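Here the protein sequences line up with chains F and Y, keeping their order. My numbering runs 4 ahead of the 1-based position in the first sequence. My numbering runs 4 ahead of the 1-based position in the second sequence. For each residue, glycine too, the CB sits at the ideal point set by N, CA and C. Please read all numbers here as calculations on a predicted model, not as lab measurements. Have a look at the structure below before the remarks.
2 protein chains.
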Amino acid sequence: MNETRQIPVGVSARHIHLSQEHIEILFGQGAKLTEMKPLSQPGQFAANETVAVYGPKGSFPKVRILGPARKATQLEVSKTDAFSLGIPAPVRESGHIEGTPGMRIVGPAGEVTVEKGVIIAARHIHFHTSDAERWGISDKQLLKVRVGGERGLVFENVIARVSPDFALDMHIDTDEGNAAGVSTGDFGEIIE
Amino acid sequence: MNETRQIPVGVSARHIHLSQEHIEILFGQGAKLTEMKPLSQPGQFAANETVAVYGPKGSFPKVRILGPARKATQLEVSKTDAFSLGIPAPVRESGHIEGTPGMRIVGPAGEVTVEKGVIIAARHIHFHTSDAERWGISDKQLLKVRVGGERGLVFENVIARVSPDFALDMHIDTDEGNAAGVSTGDFGEIIE
């Protein structure tokens with residue numbers, strides 16, 4: 005294992021995933037998300053559509069929707085964003101929204117208040133199965149990833165997510181990207 | 005050196021230091037800052053006074069002034085804040101403002117546009133001389149500091165600042181605090 009395990013970094017701005025039910029409430033009966041641009045993960049895309057999101061303290065008027073539709077609606081924010089909204093979002097893996105706080109979502113055709121779904125996404129790496137095998141990494145493993153430069157740091161507890169449907173990419177939020185001085189397209193290295 | 009080198013962490017929100025000249029432009033001739041509460045460093049305080057700060061893209065209406073007056077005016081923001089303002093602030097040590105971008109500052113009695121002074125403060129630790137001696141740390145040394153917990157990470161390039169006028173405290177900005185999941189009063193450990 006002399007190969008250095010370099011990982012492209014993607015810094016995720018705040019975004020929302022919506023269920024088909026909520027898409028239709030917010031954008032009208034039969035509405036579908038339309039693709040603005042593809043994301044690093046196969047089949048995933050940034051939609052042309054946005055919604056407004058409200059917490060008890062603040063709001064974001066234009067939150068990008070990522071498609072396709074998901075089983076459950078989920079807002080992913082940074083801790084900075086969570087403070088602005090006044091929503092005490094916990095750090096969670098995507099999809100693990102039981103017990104998380106909710107929000108009000110407003111679209112052009114309607115609005116919906118959800119009881120749960122606001123999270124700060126736990127830092128993670130998507131591995132294609134072949135990358136994980138080559139590097140001896142298993143699904144759910146916690147990794148350490150070093151980023152160099154003047155704000156260099158080592159992220160601990162980076163969750164490995166392995167699937168034949170994934171493309172190699174590390175996802176961190178804007179607080180983490182800013183703290184490390186990295187932008188999408190920079191690289192980190194798995195050191196442990 | 006078996007003692008663990010535990011450091012209290014202080015997360016600095018955006019703030020501004022003003023020269024006496026600028027205090028008088030912004031608050032009136034002869035004006036002085038008044039103390040709201042003391043800070044961790046001896047003699048330093050958060051003032052009751054605030055100013056509005058403007059960049060080309062955004063503004064903050066109420067930026068806390070830290071006193072006492074300094075030789076040069078300096079705004080310290082997170083990278084998130086710098087994006088909001090539209091000011092390309094570099095990561096710098098406090099006081100090192102040559103070549104940094106400026107801003108417009110508005111107070112109750114006047115306003116001033118400065119040509120330089122907006123920085124993202126480089127992460128650093130204030131050591132009293134006795135702490136530094138006990139732990140074998142010298143002024144300007146670059147350290148690694150680990151913070152545990154679910155967002156655990158290791159900050160690299162943490163600048164040691166040693167003075168008999170300092171009290172032991174690590175200063176990071178809100179992006180860094182949020183990325184590491186720490187708040188003022190938590191602890192980090194110098195690991196290298």
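Chain Y contact for residue i (CB, 9 Å cutoff)
{"i": "Asp-190 of chain F", "result": "no"}
{"i": "Val-67 of chain F", "result": "no"}
{"i": "Gly-185 of chain F", "result": "yes"}
{"i": "Arg-9 of chain F", "result": "no"}
{"i": "Ala-125 of chain F", "result": "no"}
{"i": "Glu-193 of chain F", "result": "no"}
{"i": "Val-13 of chain F", "result": "no"}
{"i": "Met-5 of chain F", "result": "Caution applies to Met-5 of chain F, whose pLDDT of 49 falls short of 50 and renders its modelled position unreliable; the model cannot decide the point."}
Nearest-angstrom Cβ-Cβ length linking residue i and residue j, presumed shorter than 8 Å
{"i": "Ile-20 of chain F", "j": "Ile-69 of chain F", "result": "6 Å"}
{"i": "Trp-139 of chain F", "j": "Arg-9 of chain F", "result": "5 Å"}
{"i": "Ile-11 of chain F", "j": "Glu-137 of chain F", "result": "Not a contact, Cβ separation roughly 16 Å."}
{"i": "Thr-188 of chain F", "j": "Val-67 of chain F", "result": "With 8 Å as the limit, Thr-188 of chain F and Val-67 of chain F do not qualify as a contact, their Cβ atoms being about 18 Å apart."}
Beta carbon proximity, residue i to chain F, threshold 9 Å
{"i": "Lys-144 of chain Y", "result": "no"}
{"i": "Thr-54 of chain Y", "result": "no"}
{"i": "Ser-16 of chain Y", "result": "no"}
{"i": "Ile-176 of chain Y", "result": "yes"}
{"i": "Glu-180 of chain Y", "result": "yes"}
{"i": "Ile-20 of chain Y", "result": "no"}
{"i": "Ser-23 of chain Y", "result": "no"}
Of the listed residues the options, nearest to residue i (C-alpha basis)
{"i": "Thr-178 of chain Y", "options": "Y:Lys-36, Y:Ala-113, Y:Val-13, Y:Leu-172", "result": "Y:Val-13"}
{"i": "Thr-38 of chain Y", "options": "Y:Gly-106, Y:Arg-165, Y:Ala-50", "result": "Y:Ala-50"}
{"i": "Met-107 of chain F", "options": "F:Asp-190, F:Ala-56, F:Leu-172, F:Gly-47", "result": "F:Ala-56"}
{"i": "Ala-164 of chain Y", "options": "Y:His-100, Y:Ala-17, Y:Gly-32, Y:Thr-133", "result": "Y:Thr-133"}
{"i": "Gly-200 of chain F", "options": "F:Ser-63, F:Ala-183, F:Gly-99", "result": "The requested residue 200 of chain F is not part of the displayed model; chain F covers only 5 to 196."}
{"i": "Ser-88 of chain Y", "options": "Y:Gly-62, Y:Leu-172, Y:Val-110, Y:Arg-9", "result": "Y:Gly-62"}
{"i": "Gly-32 of chain Y", "options": "Y:Leu-43, Y:Glu-53, Y:Thr-188, Y:Gln-48", "result": "Y:Glu-53"}
{"i": "Phe-170 of chain Y", "options": "Y:Leu-22, Y:Gln-45, Y:Arg-18", "result": "Y:Gln-45"}
{"i": "Gly-185 of chain F", "options": "F:Asp-173, F:Arg-150, F:Glu-28, F:Glu-7", "result": "F:Arg-150"}
{"i": "His-100 of chain F", "options": "F:Ser-187, F:Glu-80, F:Ser-16", "result": "F:Glu-80"}
{"i": "Val-166 of chain F", "options": "F:Arg-18, F:Gly-59, F:Ile-129, F:Val-15", "result": "F:Ile-129"}
{"i": "His-26 of chain Y", "options": "Y:Ile-194, Y:Gly-114, Y:Arg-96, Y:Val-67", "result": "Y:Gly-114"}
{"i": "Gly-103 of chain F", "options": "F:Lys-36, F:Pro-94, F:Gln-48", "result": "F:Pro-94"}
{"i": "Pro-60 of chain Y", "options": "Y:Ile-109, Y:Gly-71, Y:Val-15", "result": "Y:Ile-109"}
{"i": "Gly-71 of chain F", "options": "F:Lys-36, F:Gly-181, F:Pro-65", "result": "F:Lys-36"}
{"i": "Ile-29 of chain Y", "options": "Y:Ile-195, Y:Phe-131, Y:Gly-111", "result": "Y:Gly-111"}
{"i": "Lys-148 of chain Y", "options": "Y:Ser-23, Y:Glu-196, Y:Phe-64", "result": "Y:Glu-196"}
Closer than 8 Å: residue i CB and nearest the ligand GDP heavy atom
{"i": "Arg-155 of chain F", "result": "With respect to the ligand GDP, the structure shown offers nothing to examine, as it has no ligands at all."}
Cβ of residue i within 9 Å of any chain A Cβ
{"i": "Glu-137 of chain Y", "result": "Looking for chain A here will not work: the only protein chains present are F and Y."}
Item to complete: Report yes or no: do three or more beta-carbon pairs, one from the region 137-144 of chain F and one from the region 110-125 of chain F, lie closer than 8 Å?
Response: When Cβ pairs closer than 8 Å are counted between the two stretches, the region 137-144 of chain F is seen not to touch the region 110-125 of chain F, the count staying below three.
Item to complete: For the region 111-122 of chain Y and the region 66-80 of chain Y, state whether three or more C-beta atom pairs, one from each stretch, are separated by less than 8 Å.
Response: Judged by Cβ distances under 8 Å, the region 111-122 of chain Y makes contact with the region 66-80 of chain Y, as three or more pairs qualify.
Discussion item. When you compare the region 145-162 of chain F with the region 158-175 of chain Y, are there three or more beta-carbon pairs, one atom per stretch, that lie closer than 8 Å?
Written reply: Inter-segment contact for the region 145-162 of chain F and the region 158-175 of chain Y is present: three or more beta-carbon pairs are separated by less than 8 Å.
Practice prompt. Using a Cβ-Cβ cut-off of less than 7 Å, give me the residues of the region 137-170 of chain Y that come near chain F, in sequence order.
Written response: Per Cβ criterion, the list reads Glu-154, Arg-155, Gly-156, Leu-157, Val-158, Phe-159, Glu-160, Asn-161.
Worksheet item: At a Cβ cut of 7 Å, what residues of the region 80-106 of chain Y count as close to chain F, listed as they run along the chain?
Response: For the region 80-106 of chain Y, which is checked against every Cβ of chain F, the residues closer than 7 Å are Ser-82, Lys-83, Thr-84, Val-95.
Discussion item. Assess contact between the region 82-99 of chain F and the region 168-184 of chain F, defined as three or more Cβ pairs (one per stretch) separated by less than 8 Å. Is contact present?
Written reply: Here the region 82-99 of chain F lies against the region 168-184 of chain F, with 3 or more beta-carbon pairs under 8 Å apart.
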